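Taken in sequence, the protein lines are chains A and B. First residue of the first sequence? That's 89 in my numbering, and the numbers climb one at a time after it. First residue of the second sequence? That's 89 in my numbering, and the numbers climb one at a time after it.
There are 2 protein chains.
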Amino acid sequence: MGEEGNRAREEPALVQLRITEPEADEELTGDREAYMASVLAKYRRNLVERTKHHLGYPYNLDFEYGALSQLQPFSINNLGTPSSRATMLEKNEYWGYITNCGTEGNLHGILIGREVFPDGVLYASRESHYSVFKAARMYRMDCVKVKTLVSGEIDCSDFQAKLIENQEKPAIVNVNIGTTVKGAVDDLDLVIKLLEESGFENRFYIHCDGALFGLMMPFVKRRERLRHKFIGCPVPCGVQITRKTHINAVSRDVEYLASRDATIMGSRNGHAPLFLWYALNRKGYRGFQKEVQRCLLNAHFLKGRLRAAGIGAMLNELSSTVVFERPQDDEFVRKWQLACEGNIAHVVVMPNVTVEKLCVFVDELVRVRSVWSSGGEISPPCIAAEVGRENCACLLHLHGQ
Amino acid sequence: MGEEGNRAREEPALVQLRITEPEADEELTGDREAYMASVLAKYRRNLVERTKHHLGYPYNLDFEYGALSQLQPFSINNLGTPSSRATMLEKNEYWGYITNCGTEGNLHGILIGREVFPDGVLYASRESHYSVFKAARMYRMDCVKVKTLVSGEIDCSDFQAKLIENQEKPAIVNVNIGTTVKGAVDDLDLVIKLLEESGFENRFYIHCDGALFGLMMPFVKRRERLRHKFIGCPVPCGVQITRKTHINAVSRDVEYLASRDATIMGSRNGHAPLFLWYALNRKGYRGFQKEVQRCLLNAHFLKGRLRAAGIGAMLNELSSTVVFERPQDDEFVRKWQLACEGNIAHVVVMPNVTVEKLCVFVDELVRVRSVWSSGGEISPPCIAAEVGRENCACLLHLHGQ
């Protein structure tokens, strides 16, 4: 499938076109302008169409930034150390910046961990985002993959066993606040408790991958995490927050900029903070709270509808990611832009995903599903290993167990 | 100074403001909308003002993307392997993608070098961009700094000596196509010749940091490099190009995306390729050629005006970066957004920098300079070490040598 958001691969109209040289007389006739306008119009129609059926990836497509279009003509590039940004944080001991994407946040957080503990071992559950393992390769760190529970959460008994195996080296731990596929939230308190009990006191560093739920979490349960995807923004970006005391480990003075280089990317898209500022101001705390509650309700609604239709489905607590049996029709998967892994697929219920959209989706899934079974009896596949027996709709688990 | 492009630190109006919570009745009265509109209007005026006096950093601010504003409302996020993009390249053996900025291109190119030669030593001239040395630290690579000539080019005799000292390990070389401060172009052919003569045949990897000049170079001399800054684009971005045969060394399959992860950042701003496509199509080869020629001419004009005013100044061949004595007035430096290093400052002559703007700049510099000398005789500082004796305007070098 290979696409997230509106991935350009699906839009043959624009990006695969060669750059063509303007003819000398085109400037006079305006033919070139007309040609480009027609390509853009086609691309726009395609984006409208794709946006209609977007379910599989955690992007809030429900945004409106009309007032910001006046700034589009400006080059806004943020360089050097983003100290002034820290004023958005409440306490003096934090430092943060707006990244180009979630991967950059993970690269930055894990790099700080390595600079604080140069011989530290990176621990991450096997359902962590792929950028966590990429960071380990890039930074030449020892990396230990920890097992997960059926829910997708880190398996803390395996974590403890792995800690004891590597007791001589400090621990750098990636904790997921909403895993990519199942939306599982690792138990941060338990992770810290195990570290302390296993003799790692003052020898551990934790990076929280806030992913999607970092921003939703404060509205369902008190945790200090912050991420962006929920906000809905036309450019990818993220928020990285760390302790001020650690940031010097990755900073270097750059005379040319008369500033310090403390981020991963030198240049940062200056439009992204504008979008975030605009959205945060328009919606406010109460606005976000309402949206998060609606998402969780809608996710429960979707899970209920799927189960009622005899389809295995799981929804983690605090999560708006509904995991269910993988549709066997690639065309259907592409149309709804579902992300699949093994026997499962998921829908991430974002603010722009309405109950009506979910109904259309389930109805269509039920319809195509009966086609796969050639009109005969539908025998749901067993996905107990992926979602747990209680969430599986196969004949064995539906009635027995 | 700490700013490049329109760095937000200078705009107190927007980013340093706290996010304020909307009052319950604001939604009804529209007060919130009015407040935000006034903040944005102030920010916009500030950007207009900053753009007027932008000289020090290599951004082409002369762009017009009116037709693209219709796409601003869409979330366009490119993930996975950007294979389809490769169609913009002429030959099958190349692979490339559009990055978030120049730093990402350097991080990517050097990472490939390390994966091809895991025990390779990174060689980079001391005037290379800071992200090159950051990459070495991040990737835990041995890194050898090579001396530079007065022009800013890599000192090839020092390079050869360093190669011989480290002969047992493969060489990964960063070659600059326009250094950050002096706009110097390293001699790629000579670098390759030295590597082969020093016993590194088939044991070296070269990353070219195209920086600004990568894109200008094809229009002044035949070299196959491509970069972005010259194009003029409202978001930072870059182009990374590498050999297809090498890209597998840094790629991993990601089932969730049903694609391969081959870039540094997972998400890539999908608007950036649109801006590039639009600009390339509108201007075409001839359009860029004209712009590059105008920039080089204007840079020569600026250097001539500075020298005529008794100010030491240097302009490298093939370069539009004019280096000159550092103004002693911080206010002046800030106003014109000049980048300074040690005793020198520079102006990067981009397409949006006109002869008129340069005249205003030189006139003002001459005026404030006479203020520094308190109306007495101006004694130009010696900057021969930075720009060479022939470009220095100090009393010793101006007349004697």
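Every residue gets a Cβ at the ideal spot worked out from N, C-alpha and C, and that includes glycine. All of these numbers come straight from a predicted model, not from anything done at the bench.
Burial state of residue i (16 or more Cβ within 10 Å)
i          : result
Pro-100(A) : Any reading at Pro-100(A) must be qualified, since the residue scores a pLDDT of 32, below 50, and its modelled position is unreliable; the value itself is stated next. By the neighbour-count rule (16 or more Cβ atoms within 10 Å), Pro-100(A) is not buried but exposed.
Glu-413(A) : buried
His-359(B) : buried
Cys-447(B) : exposed
Tyr-373(B) : exposed
Pro-206(B) : exposed
Ala-367(A) : buried
Asp-119(B) : exposed
Thr-236(A) : buried
Lys-281(B) : exposed
Ala-427(B) : buried
Leu-283(A) : buried
Rounded straight-line distance, which links the Cα of residue j to that of residue i
i          : j          : result
Arg-291(A) : Met-229(A) : 16 Å
Asp-66(B)  : Asp-341(B) : The requested residue 66(B) is not part of the displayed model; chain B covers only 89 to 489.
Leu-385(A) : Val-450(A) : 16 Å
Pro-361(B) : Glu-405(A) : 39 Å
Ile-200(B) : Val-456(B) : 48 Å
Val-411(A) : Glu-474(A) : 9 Å
Trp-424(A) : Glu-452(A) : 10 Å
Cys-480(A) : Ala-397(A) : 12 Å
Ile-329(A) : Gln-377(A) : 21 Å
Ile-399(A) : Asn-431(A) : 13 Å
Lys-130(B) : Leu-364(A) : 18 Å
Arg-133(B) : Glu-429(B) : 30 Å
Val-380(A) : Lys-140(A) : 21 Å
Asp-418(A) : Val-136(B) : 50 Å
His-388(A) : Leu-403(A) : 7 Å
Met-124(A) : Asn-357(B) : 21 Å
His-196(A) : Tyr-218(B) : 17 Å
Trp-460(B) : Gln-416(B) : 7 Å
Gly-326(B) : Cys-482(A) : 50 Å
Pro-469(B) : Ser-339(A) : 33 Å
Val-443(A) : Asn-369(A) : 26 Å
Leu-484(A) : Glu-478(A) : 11 Å
Asp-246(B) : Asp-297(B) : 20 Å
Met-226(A) : Glu-343(B) : 20 Å
Ser-407(A) : Val-269(A) : 11 Å
Lys-445(A) : Leu-394(A) : 14 Å
Contacts around residue i, its chain only, beta-carbon distance under 6 Å, and the 5 residues preceding and following it disregarded
i          : result
Ile-198(B) : Ala-223, His-295
Cys-62(B)  : There is simply no residue 62(B) to check, as chain B begins at 89 and stops at 489 in what is shown.
Thr-267(B) : Glu-215, Gly-240
Asp-274(B) : Glu-241, Ile-242, Val-263, Asn-264
Thr-409(B) : Gly-271, His-434, Val-436
Gly-492(A) : Nothing can be reported for residue 492(A): it is not among the residues displayed for chain A, which extend from 89 to 489.
Leu-486(A) : none
Lys-233(B) : Arg-214
Val-220(B) : Asn-194, Ala-212, Asn-262
Val-454(B) : Ala-397
Thr-351(B) : Tyr-185
Contacting residues, own chain, Cβ-Cβ under 7 Å from residue i (five flanking each side not counted)
i          : result
Val-204(B) : Tyr-293, His-334, Ala-337
Ile-471(B) : Gly-400, Glu-413, Asn-431, Ile-432, Cys-480
Leu-278(A) : Cys-244
Beta-carbon contacts of residue i that lie in its chain and below 8 Å, excluding the five residues immediately before and after
i          : result
Ser-286(B) : Gln-248, Leu-251, Ile-252, Gln-255
Met-353(B) : Thr-187, Asn-188, Glu-192
Arg-382(A) : Pro-439
Pro-258(A) : Phe-205, Asp-207, Gly-208, Val-209, Phe-288, Arg-291, Phe-292, Tyr-293
Strand pairing of residue i, partner residues [DSSP]
i          : result
Val-273(A) : Ile-265(A)
Leu-210(A) : Cys-231(A), Ile-260(A)
Asp-297(B) : Asn-264(B)
Tyr-182(B) : Arg-331(B)
Val-340(A) : For the record, residue 340(A) in the displayed sequence is Arg; it is not Val. Note: Arg-340(A) sits in a beta bridge opposite Asp-349(A).
Val-326(A) : Reading off the sequence shown, one finds Gly at residue 326(A), where the question assumed Val. Partner(s): Thr-187(A).
Thr-236(B) : Ile-242(B)
Phe-376(B) : DSSP output for Phe-376(B) lists no bridge partner at all.
Phe-292(B) : Ala-259(B)
Neighbour flag for residue i against chain D, beta carbons, 9 Å
i          : result
Ile-252(B) : This model lacks chain D altogether, as its protein chains are A and B.
Can you check the stretch 398-485 of chain B for any alpha helix (DSSP H) of at least 4 residues that lies completely inside it and give the ranges in chain order?
-> 418-423, 443-460, 472-475
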